[in-house]
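Residue numbers (this note's numbering), protein chains in the order written: chain A, 1445 to 1708; chain B, 20 to 311. Think of the CB as a built atom: it goes at the ideal place given N, C-alpha and C, for glycine as much as any other residue.
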Amino acid sequence: MNNFLFGRYLPGNSWVHQMSPQSKLMLSFYFVIVIFFANNLASYAALAALIAIVILLSGVSILFFLKGIRPLIWLIIFTVALQILFSAGGTVLWKWGPFSVTNLSLINGGFIFIRFLLIIMISTVLTLTTTPLAIADGVQTVLKPLKKVKFPVDTLALMLSIALRFVPTLMDEMETILNAQRSRGVDFGSGSLKHRVQAAVPLLVPLFTGAINHAENLSTAMEARGFSDSEHRSKYRIYRWQLKDTVSWLVFLLVGGLVLYLRK
Amino acid sequence: MDKAISFEQVTHTYQANTPYAQNALADVSLVIPNNSFTAIIGHTGSGKSTLVQHINALLKPTKGSVQVLGKVITSATTNKNLKAFRQHVGMVFQFPEKQLFEETVIKDIMFGPKNYGVSDADAQQAAKSAMKLVGLDESLAEKSPFDLSGGQMRRVAIAGVLAMKPEILILDEPTAGLDPRGHKEIMDLAQQLHDKDQMTIILVTHQMDDVVNYASQVVVMDEGKIVKTGTAAEIFADPGWVYKMQLNLPSSAEFAQKLVDSGVPIGKLPLTIDQLATKISQLVAEGADTDE
């Protein structure tokens, strides 16, 4: 439970920590888009160099990034394997029934692997250096233009921050319920599939009951304090665009241009 | 008396080897005798809950070993064998009503025994006697636990633990949020299980009155260490130290302390209401004597 990386903010005061959340958010999106333009060794190398610099600037140990990959390792292996076994073209190196490995498919598989790695790295940088609440605020700022078309941006941001706020609470609660049912003799995570599904019921029912209770209590508390979503709300946390943001964007745009230049 | 539980130099670190590493228990050694009533006290975050979770093998020691009813748990114990530990150790968590999930009260109480391989008929029998023990009316058996009041839900949860017929019962603040009558009934139940059914009771509590009224042994924890073990009289003999531990005196002792502060010669502080009443009636009698 505890090696869950989601929402795992690491306090710090690095360059990346100090950037405003909205620009970190947009930079991450931008970076992911640029990744899909890269298609040869040189362009991937440029992106890898950039992410290496970002990780250095974030001041976070590389171990945390490696841990972030672990939960996704099977997805990555599966995708890479599909790519290697089923893509056509190039010199055939090995063939068995519908499966074939060619030199091109090997290269493509390698690229897909790097792509995954880069995307995980950038999103891990974002979540490790930005508090969940700051991310919610960032989303609100990024979506602000949608207000013009009557999209409920503020409500959405509130929902997001409430959801994030309750992640640790519900995790704690899950831990307690797990322990309570364990001491009543439930064996979680062993036995047949049927047994495991049955074991989930004593966990999920109390967890949902608890979540609904929390929601009711929270809405009562909000109403008691006069909350209304039609009000214009001012902000307690204000994130200003800083020089660091401008510099980072310039570097990222530069690397983006470089990738377009380097790609085949 | 045989020992039911013994801790030998147990250290427990949460999230070891990460920047979040936290020592919750540091080099704890403790013996809890069979059929004792032990209260564990200490301020919030002193390691009480971590300590009791070791007794139920919900946590394994990072260093050292825990022995429960003759079985040993160390960091090397595999998860597979833990179920056997738990069968004889019942644990009532804080706000245990949160663990209810079944459609009916009786099914929820039968859940524990059935997990340990008890037949349906026997589990039902055990559930019915557990309901009687905790004072739940038989007419509630087929109701949904979610339709009951908070106090009744708490009783269902406790009955669910008692139906497993544990030899050791751990109660982690069992009366938090209950009304005074519910509080007394739960504590009297604990005493009855101790006296009549020979259970070893471990009570984690912030209620010093319960400590003096029920416990035969008191363990005081601070910052993951056991700082004092003894009878309630020994623990509360030094009010200054008790306050330093961010704890309170029992209300009778507190009352007597105020009398002492205003010049009434009490002598040794009384711990229970009965002792306080005796003391005061003595003083009144002596006062009447000197008046004459």
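Residues of chain B with CB closer than 8 Å to the CB of S1472(A), please, in chain order. Under a criterion of Cβ atoms nearer than 8 Å, no residue of chain B is adjacent to S1472(A); the nearest Cβ is some 23 Å distant.
So what does DSSP say about H31(B), is it helix, strand or coil? Looking at H31(B) - three-state DSSP - the assignment turns out to be strand.
Is DSSP giving T1546(A) helix, strand or coil here? strand
Assign T248(B) to one of three DSSP states: helix, strand, or coil. strand
Bridge-paired residues (DSSP) for Q314(B): Nothing in the structure corresponds to residue 314(B), since chain B is present only between 20 and 311.
Ignoring anything shorter than 4 residues or poking outside the region 175 to 218 of chain B, list the alpha helix (DSSP H) runs there in chain order. 199 to 214
I'd like to confirm the pairing. Which residues does DSSP put opposite V238(B) in its beta bridges? According to the DSSP secondary-structure assignment, V238(B) is paired through a beta bridge with I59(B) and T248(B).
Minimum Cβ-Cβ distance from R105(B) to chain A less than 8 Å: Interface residue, yes.
Could you check whether the Cβ of H225(B) sits closer than 7 Å to any heavy atom belonging to the ligand HEM? This structure lacks the ligand HEM, and indeed carries no ligand of any kind.
State buried or exposed for F104(B), treating a residue as buried only when at least 16 other CB atoms are found within 10 Å of its CB. buried
Which whole runs of the alpha helix (DSSP H) in the region 1614 to 1692 of chain A are 4 residues long or more, in chain order? 1637 to 1668
Separation of Q1466(A) from P1589(A), as counted between CA atoms: 13 Å
Neighbourhood of Q106(B) by C-beta, 6 Å cutoff - its chain only, sequence neighbours within 5 removed: Y135
Limits of the unbroken alpha helix (DSSP H) element including G1512(A): It spans I1506 to I1513 - the alpha helix (DSSP H) in which G1512(A) sits, taken as one unbroken run.
Note the first and the last residue of the continuous beta strand (DSSP E) segment covering K1539(A). V1536 to W1540
L77(B) touches chain A at which residues, Cβ-Cβ below 8 Å? The answer, in chain order, is N1623, R1626 and S1627.
Our contact map puts A160(B) next to T123(B) with C-beta atoms below 8 Å; I'd like the distance itself, whole angstroms only. 7 Å
Option nearest L222(B) by Cα separation, candidates A195(B), G201(B), R200(B) and G243(B): A195(B)
Is V283(B) helix, strand or coil by DSSP? coil
Taking the straight line between their C-alpha atoms, what separation do you get for D198(B) and S163(B)? 22 Å
Mind pulling the chain B residues with CB within less than 7 Å of D1631(A)? Listed along chain B, the residues sitting closer than 7 Å to D1631(A) by beta-carbon distance are K102.
For the beta strand (DSSP E) containing G83(B), list its first residue and its last residue. K82 to V87
By the criterion of Cβ-Cβ separation under 9 Å, what are the contact partners of G179(B) in chain A? R1628
Kindly indicate which three-state DSSP category G109(B) falls into: helix, strand or coil? strand
Taking the CB atoms as reference points, tell me whether A145(B) and L88(B) lie closer together than 8 Å. no
Does L1491(A) pass the burial test, meaning 16 or more other C-beta atoms within 10 Å, or should it be called exposed? buried
Can you look up Q1462(A) in the DSSP assignment and give me helix, strand or coil? helix
Would V1645(A) count as contacting chain B if we go by Cβ distances under 8 Å? Closer than 8 Å to some Cβ of chain B, the Cβ of V1645(A) qualifies, so yes.
Label F1475(A) either buried or exposed according to how many other C-beta atoms from any shown protein chain fall within 10 Å of its C-beta, with 16 as the threshold for buried. buried
So is V1611(A) in contact with chain B if we call contact Cβ pairs under 8 Å? no
Between the region 1483 to 1503 of chain A and the region 1452 to 1469 of chain A, are three or more C-beta pairs nearer than 8 Å? yes
Using a Cβ-Cβ distance cut-off of 8 Å, determine whether T1571(A) contacts chain B. No, T1571(A) does not count as interfacial toward chain B.
Could you give the distance in angstroms between the alpha-carbon of L1449(A) and the alpha-carbon of I1566(A)? Residue placement at L1449(A) is flagged as unreliable, the pLDDT there being 44, under the threshold of 50; a coordinate-derived value is accordingly withheld.
What separation, rounded to the nearest whole angstrom, lies between the Cα atoms of R1626(A) and L77(B)? 8 Å
Looking at the structure shown, is M1445(A) part of a helix, part of a strand, or coil, going by DSSP? Note on M1445(A): pLDDT 37, under 50, position unreliable in the model; the coordinate value appears next. In this structure, M1445(A) counts as coil in the three-state DSSP scheme.
Please name the residue, chosen from L1471(A), Q1462(A) and I1551(A), that lies closest to L1694(A) on a Cα-to-Cα basis. Of the residues L1471(A), Q1462(A) and I1551(A), the one whose Cα lies closest to the Cα of L1694(A) is L1471(A).
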